[in-house]
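One line per chain: the protein sequences are L and H, in this order. Numbered by the numbering used here, the letters in the first sequence go through residues 994 to 1200 in order. Numbered by the numbering used here, the letters in the second sequence go through residues 994 to 1200 in order. Heads up, the beta-carbon is just placed ideally off N, CA and C, and yes, glycines get one too.
Protein chains: 2
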Amino acid sequence: YDVLRENNKIAHENYHLLKEHNIRSIDFMGSIGAGKTALIIKLAEKLRAKGLRVCAIAGDVTGDDDFTRMEVSGLDAVNCNTEHECHLDANIIKKTLSKIDLDKYDILFIENVGNLVCPADFPLGTDYRVVVISTTEGDDMVRKHHDIFTHSDIAILNKIDIASAVDVDPEIIANDYNKLTGGLKNIYKCSVKKDEGINEILAALKL
Amino acid sequence: YDVLRENNKIAHENYHLLKEHNIRSIDFMGSIGAGKTALIIKLAEKLRAKGLRVCAIAGDVTGDDDFTRMEVSGLDAVNCNTEHECHLDANIIKKTLSKIDLDKYDILFIENVGNLVCPADFPLGTDYRVVVISTTEGDDMVRKHHDIFTHSDIAILNKIDIASAVDVDPEIIANDYNKLTGGLKNIYKCSVKKDEGINEILAALKL
Ligand SMILES: Nc1nc2c(ncn2[C@@H]2O[C@H](COP(=O)(O)OP(=O)(O)OP(=O)(O)O)[C@@H](O)[C@H]2O)c(=O)[nH]1
Ligand SMILES: Nc1nc2c(ncn2[C@@H]2O[C@H](COP(=O)(O)OP(=O)(O)OP(=O)(O)O)[C@@H](O)[C@H]2O)c(=O)[nH]1
Ligand SMILES: [Mg+2]
Ligand SMILES: [Mg+2]
Ligand SMILES: [Zn+2]
Ligand SMILES: [Zn+2]
Chain L
994 YDVLRENNKI AHENYHLLKE HNIRSIDFMG SIGAGKTALI IKLAEKLRAK GLRVCAIAGD
1054 VTGDDDFTRM EVSGLDAVNC NTEHECHLDA NIIKKTLSKI DLDKYDILFI ENVGNLVCPA
1114 DFPLGTDYRV VVISTTEGDD MVRKHHDIFT HSDIAILNKI DIASAVDVDP EIIANDYNKL
1174 TGGLKNIYKC SVKKDEGINE ILAALKL
Chain H
994 YDVLRENNKI AHENYHLLKE HNIRSIDFMG SIGAGKTALI IKLAEKLRAK GLRVCAIAGD
1054 VTGDDDFTRM EVSGLDAVNC NTEHECHLDA NIIKKTLSKI DLDKYDILFI ENVGNLVCPA
1114 DFPLGTDYRV VVISTTEGDD MVRKHHDIFT HSDIAILNKI DIASAVDVDP EIIANDYNKL
1174 TGGLKNIYKC SVKKDEGINE ILAALKL
């Protein structure tokens, strides 16, 4: 499938470009409304407090809601609209990277379009690929979306503070994840709202 | 774009097939985990109580979670896996319809794959297209996904029972919807869990 091969070639170029500038990069994929933006803002706050320089690319189909939230929080950000695609690809990231002064940053966060299907097939060239889901989507997210969890490095289960309000047991999701990944990868439970489990995520991403 | 034209042609065939069998049909699109399955099960229960015969097609990328939940609830269902696509299309629905004895039913519910982007471009041939979102995804769903809300008939905002837990004001979402649709379409607030707002949805779908 040429589209995917072409994407991987450009992803490889992005990877080398980021390495030349000593930037550690993370692609945050995940379901619509799982808390990707909230998590990125929270992680960036903690990293800036440690003296690290962080930049983010806010991917979305349309609009600049996430970009604005990032900027308002004090996080340097660039808006990136796909207009039609339901996933970011390496080419749109290559173009977006050309707008950023990479020497000014240590860490790059990319927020992908909310979707648990297509982003799995389009690596962007980052060091880590993370999938963010939340309890409020139900306990079947892992069972229904094998590809994206096998094509990523870690998973994050957010909104554990309100799991009982949707009758969801986080352990069911964790067990499904361990079964699918053979126990080789970890899923991190957190609540961005309550600031719980965030430091474990920073450690897992070696930040 | 040939794919879309081909899809619309088959959708038209599906529409006529369903009309020949006097079946009213609804395509439930929406975000991942918004409550599409829970809503379909609840609507079917109320319709069966009125003596109507209901069947459902459970669309998903993989697995049979939703299909099983429907069957366990007493709703006749057929499982429909796309394997890779992040949306159902008219062709897969045509094939699935051939497995159903259409003379046995009055109403057909189709649950689409959870995704607020691509399903907008792929009508299936149903009478109504509905978009289900929920408060727990945040208050920006309408602002970020114009196409799917303009290519559908009504919208449903579920999980209003826990809006405050995610700091979301349902009125913001309703205002965005009214602005986008020029007040010509309605968004229905509901809580499937608390059985609130369900009868208004039945009325809106003329069921
Ligand atoms: N209760 C609770 N709500 C949360 C938490 N994290 C995020 N939220 C809420 O969940 C909603 C969605 O959060 P976002 O950060 O916009 O999620 P997102 O994944 O970036 O959403 P999209 O970019 O639109 O796909 C917002 O209303 C947040 O306030 C959490 O840990 N607990
Ligand atoms: N509090 C609350 N939880 C709800 C409501 N409706 C659904 N839920 C919960 O939300 C989660 C997702 O519901 P589902 O019916 O699986 O949603 P879905 O849209 O069919 O999900 P996918 O098919 O996986 O995209 C489940 O844990 C439900 O219990 C509601 O009105 N209020
Ligand atoms: Mg976001
Ligand atoms: Mg479902
Ligand atoms: Zn897709
Ligand atoms: Zn798609």
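Could you work out which residues of chain H lie near Asp995/L, taking near to mean beta carbons separated by less than 7 angstroms? Within chain H, not a single residue places a beta-carbon under 7 angstroms from that of Asp995/L; the smallest gap is close to 16 angstroms.
Pair every Cβ in the segment 1069-1077 of chain H with every Cβ in the segment 1115-1134 of chain L, then say whether three or more of these pairs are closer than 8 angstroms. Contact fails: fewer than three Cβ-Cβ distances are below 8 angstroms.
One question on the structure: do Met1063/L and Ala1049/L come within less than 8 angstroms of each other, judged by their Cβ atoms? When the beta-carbon positions are compared, Met1063/L and Ala1049/L come within less than 8 angstroms of each other.
Which ranges does the alpha helix (DSSP H) cover as unbroken runs of at least 4 residues, wholly within the segment 999-1069 of chain L, from first to last along the chain? DSSP assignment within the segment 999-1069 of chain L yields the following whole alpha helix (DSSP H) runs of 4 residues or more, N-terminal first: 1029-1042, 1058-1065.
Report yes if the CB atom of His1144/H is closer than 8 angstroms to the CB atom of Val1110/H, and no otherwise. Judged by beta-carbon spacing, Val1110/H lies beyond the 8 angstroms limit of His1144/H, meaning their Cβ atoms are not closer than that value.
If we call anything under 8 angstroms between Cβ atoms a contact, is Glu1104/L one with Asp1059/L? In contact: Glu1104/L and Asp1059/L (Cβ atoms closer than 8 angstroms).
Are the CB atoms of Thr1174/H and Phe1142/H nearer to each other than 8 angstroms? The Cβ atoms of Thr1174/H and Phe1142/H sit closer than 8 angstroms to each other.
Using 8 angstroms as the Cβ pair cut-off and three pairs as the minimum, do the segment 1081-1094 of chain L and the segment 997-1010 of chain L touch? The segment 1081-1094 of chain L makes contact with the segment 997-1010 of chain L, as at least three CB pairs between them are under 8 angstroms.
Ligand 4 heavy atom lying under 7 angstroms from the CB of Asp1059/H: Within the cutoff, so yes.
Does any residue of chain L have a CB that is nearer than 8 angstroms to the CB of Thr1129/H? Look at Thr1129/H: its C-beta is under 8 angstroms from a C-beta on chain L.
Contacting residues, own chain, Cβ-Cβ under 7 angstroms from Val1135/H (five flanking each side not counted): Hits under 7 angstroms: Phe1142, Ile1166, Asp1169, Tyr1170, Leu1173.
Under 8 angstroms, Cβ to Cβ, is there at least one residue of chain H near Ser1184/L? For Ser1184/L, the answer is no, since every Cβ of chain H falls outside 8 angstroms of its Cβ.
So if I threshold CB-CB distances at 8 angstroms, which residues from the segment 1095-1108 of chain H count as touching chain L? Answer in chain order: Val1106, Gly1107, Asn1108.
If you follow the beta strand (DSSP E) that Ala1148/H is in, where does it begin and where does it stop? Judged by DSSP secondary structure, Ala1148/H falls within the beta strand (DSSP E) whose first and last residues are 1147-1151.
Use the C-beta contact count for Gly1028/L: other C-beta atoms within 10 angstroms, 16 or more gives buried, fewer gives exposed. Buried is the call here.
Does the distance between the C-beta of Thr1030/L and the nearest non-hydrogen atom of ligand 3 fall short of 7 angstroms? Yes; taking the cut-off as 7 angstroms, the Cβ of Thr1030/L has a heavy atom of ligand 3 nearer than that.
Segments of 3+ residues assigned as beta strand (DSSP E) that fall wholly inside the segment 1128-1184 of chain L: Secondary structure remark: continuous beta strand (DSSP E) runs of at least 3 residues inside the segment 1128-1184 of chain L, in chain order: 1147-1151, 1180-1182.
Within chain H, partners of Ala1051/L - CB distance below 7 angstroms: Result: empty, since nearest Cβ-Cβ is about 11 angstroms, beyond 7 angstroms.
Could you tell me whether any Cβ in chain L is nearer than 8 angstroms to the Cβ of Ala1158/H? True, the Cβ-Cβ gap to chain L drops below 8 angstroms.
Let me know the alpha helix (DSSP H) ranges lying completely inside the segment 1068-1116 of chain H, each 4 residues or longer, listed in chain order. Whole alpha helix (DSSP H) segments, 4+ residues: 1083-1090.
Just reading off the alpha helix (DSSP H) that Leu1195/L is part of, what are its end residues? 1191-1197 is the span of the alpha helix (DSSP H), which, as asked, contains Leu1195/L.
Roughly how many angstroms lie between the CA atoms of His1009/L and Glu1038/L, to the nearest whole one? Their Cα atoms are separated by approximately 27 angstroms.
Alpha-carbon spacing of Thr1030/L relative to Leu1095/L, whole angstroms: Their Cα atoms are separated by approximately 21 angstroms.
For Ile1155/H, would you say it is in contact with chain L, using Cβ-to-Cβ distances shorter than 8 angstroms as the test? With 8 angstroms as the cut-off, Ile1155/H counts as an interface residue toward chain L.
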